[in-house]
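Everything on this sheet refers to the single structure shown next.
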Amino acid sequence: MHPRDIDLSERPFVLIWEVTQACELECKHCRADARPDRHPGELTTAEGKELLSEVAEFGDDQLVVLSGGDPLVRDDLVELVRYGVEQGLSMTLTPSGTDALTPEIVDELADAGLRRLALSVDGASAEAHDEFRGEPGSFEGTVSVARHARERGIPLQINTTVCRETLPELPDLADLVEDLGAVLWSVFFLVPIGRGQVLDPIDPERSDRVMEWLLEQSRERSFGVKTTEAPHYRRVATQARQGGEAVAPATADEIGRRTSIRAGNGFAFVSHLGEVYPSGFLPVSAGSVRDRSIVDIYRNSDLFTDLRDVENLNGKCGACEYRGVCGGSRSRAYAYTGDPLESDPLCPYVPSEYDGPTPDQVIDRSMSNPADD
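This is the structure we're talking about:
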């Protein structure tokens with residue numbers, strides 16, 4: 285499904301359902317601030333199936349990501365995947381790297397029709413990854429299951445968090461993503477919510493240089509590259525093309541197929557309790573699937589319609605000539621300012637027509653960066 289072929293005001297490119305917040309890991313960046321035990325108010329199996337049936341109303345092959353916490357905590361996970369496939373949904377999964385992630389469960393998910401497996405790797409070595417994830421053995425287990433998924437023919441996606449701590453790992457991680465045969469590297473630029481508030485983000489100028497490096501990787505590697513909560517990657521790519529720089533043509537998993545997608549516009553998130561957010565990193569509810577159809581919430585709620593209109597953006601983002609392809613991270617704007625329509629503080633670009641005062645930089649530019657040139 286190509287975003288340019290669908291009306292993003294009518295359906296999301298991707299819908300994420302956080303099936304639980306329970307997880308054994310204590311990852312430093314955890315948005316959910318996950319806990320070991322399941323919440324008693326989670327959507328039940330029956331409610332989950334009703335949700336998936338409603339999601340199918342968006343249209344054929346709607347992309348659904350089951351996330352957490354750790355989705356494998358739920359004993360009905362395979363049943364939910366199978367049911368979603370039966371509804372015509374493209375079902376994908378982002379499990380945690382715990383002991384529950386085994387070749388056997390991957391086999392069950394493959395048999396149920398899982399379309400993609402997304403695994404998080406935040407360090408190129410066991411020492412770095414396990415320390416970040418708070419679980420000895422997580423790296424070894426994750427890599428082993430990644431290889432098994434490829435053997436089973438399940439396309440593999442690797443997710444990586446970018447912050448001050450993980451920045452030096454990126455070059456070796458790119459090699460690992462290649463070695464694992466992944467089809468996509470999804471690079472998440474830290475939004476300080478949940479446990480992620482204790483981590484140091486990279487500074488804005490460094491973020492642009494990282495994105496320029498990611499563009500190089502997209503040219504040279506066999507896998508696609510996308511960013512999460514960093515849509516100004518599209519601005520960096522557009523500037524490179526405008527400057528005559530050779531940029532790899534867009535493929536099914538690259539930047540060209542995600543132009544303009546951001547929180548609330550081509551993206552929606554359903555929490556474990558059924559609340560609907562524009563993003564898991566923008567915890568402002570537009571309603572509950574227990575009270576209102578997910579289709580109605582996505583298409584008609586004030587929050588989603590406001591976020592979809594780039595004319596509503598404020599500050600630098602509102603004046604930016606790239607706002608149509610970028611639009612800034614609405615989640616990061618909210619995390620730092622309390623207003624999801626404010627400027628994204630991670631973007632260093634100053635629009636040529638912006639005549640207002642430059643916002644105070646809320647991300648510390650003065651910190652020592654371990655990956656400085």
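Offset between the sequence shown (1-based) and our numbering: plus 284.
Just so you know, even glycine gets a beta-carbon here, dropped at the ideal spot from N, CA and C.
According to DSSP, simplified to helix, strand and coil, what is residue i?
{"i": "SER636", "result": "coil"}
{"i": "ILE578", "result": "helix"}
{"i": "ARG542", "result": "With a pLDDT of only 48 at ARG542, under the threshold of 50, the placement of this residue in the model should not be trusted, and no figure is reported."}
{"i": "SER502", "result": "helix"}
{"i": "LEU587", "result": "helix"}
{"i": "ASP291", "result": "coil"}
{"i": "SER555", "result": "coil"}
{"i": "LEU441", "result": "Leu is not the amino acid found at residue 441; the sequence shown has Gln there. In this structure, GLN441 counts as strand in the three-state DSSP scheme."}
{"i": "ARG319", "result": "strand"}
{"i": "THR328", "result": "coil"}
{"i": "PRO337", "result": "Reading the sequence as shown, one finds Ser at residue 337 and not Pro. Helix, per DSSP."}
{"i": "VAL560", "result": "strand"}
{"i": "ILE647", "result": "Residue confidence for ILE647 is low, a pLDDT of 48 falling below 50, so the modelled location carries little weight and cannot support an answer."}
{"i": "PRO568", "result": "The residue asked about is misnamed: residue 568 is Val in this sequence, not Pro. In the structure shown, VAL568 sits in coil (DSSP, three-state: anything other than H, G, I, E or B)."}
{"i": "VAL520", "result": "helix"}
{"i": "GLU308", "result": "coil"}
{"i": "GLU435", "result": "helix"}
{"i": "GLU496", "result": "helix"}
Just the Cα atoms here: how many angstroms apart are residue i and residue j?
{"i": "ARG366", "j": "GLY352", "result": "18 Å"}
{"i": "TYR302", "j": "ALA402", "result": "For the sequence presented, residue 302 should be read as Glu rather than Tyr. Distance between the alpha carbons of GLU302 and ALA402 is about 14 Å."}
{"i": "LEU454", "j": "GLU605", "result": "30 Å"}
{"i": "ARG295", "j": "VAL369", "result": "18 Å"}
{"i": "PRO629", "j": "ASP391", "result": "43 Å"}
{"i": "GLN376", "j": "ASP639", "result": "As written in the sequence, residue 376 is Thr, which differs from the Gln given in the question. Taking the straight line from one Cα to the other gives about 44 Å."}
{"i": "LEU464", "j": "PRO624", "result": "37 Å"}
{"i": "ASP414", "j": "ALA603", "result": "42 Å"}
{"i": "VAL426", "j": "ALA306", "result": "One detail in the question is off: residue 426 reads as Thr in this sequence, not Val. Their backbone Cα atoms lie some 18 Å apart in a straight line."}
{"i": "PHE423", "j": "ILE389", "result": "18 Å"}
{"i": "CYS447", "j": "THR382", "result": "23 Å"}
Evaluate residue i with the Cβ neighbour count: other Cβ atoms within 10 Å of its Cβ, from every protein chain shown; 16 or more gives buried, anything less gives exposed.
{"i": "ASN549", "result": "buried"}
{"i": "SER636", "result": "exposed"}
{"i": "GLY611", "result": "buried"}
{"i": "VAL634", "result": "exposed"}
{"i": "GLU513", "result": "buried"}
{"i": "ASP406", "result": "buried"}
{"i": "ASP586", "result": "exposed"}
{"i": "SER409", "result": "exposed"}
{"i": "PRO485", "result": "buried"}
My guess is that residue i and residue j are in contact by the Cβ rule of under 8 Å, so how many angstroms apart are they, rounded?
{"i": "VAL609", "j": "THR522", "result": "6 Å"}
Quiz item: At what residue ranges does the segment 353 to 431 contain a whole run of the beta strand (DSSP E), taking only runs of 3 or more?
Solution: 374 to 377, 400 to 404
Quiz item: Going along the chain, which unbroken runs of the alpha helix (DSSP H) with 4 or more residues stay wholly within the segment 589 to 632?
Solution: 599 to 603, 614 to 621
Quiz item: Which runs of the beta strand (DSSP E) spanning at least 3 residues fall entirely within the segment 452 to 494, listed in chain order?
Solution: 468 to 473
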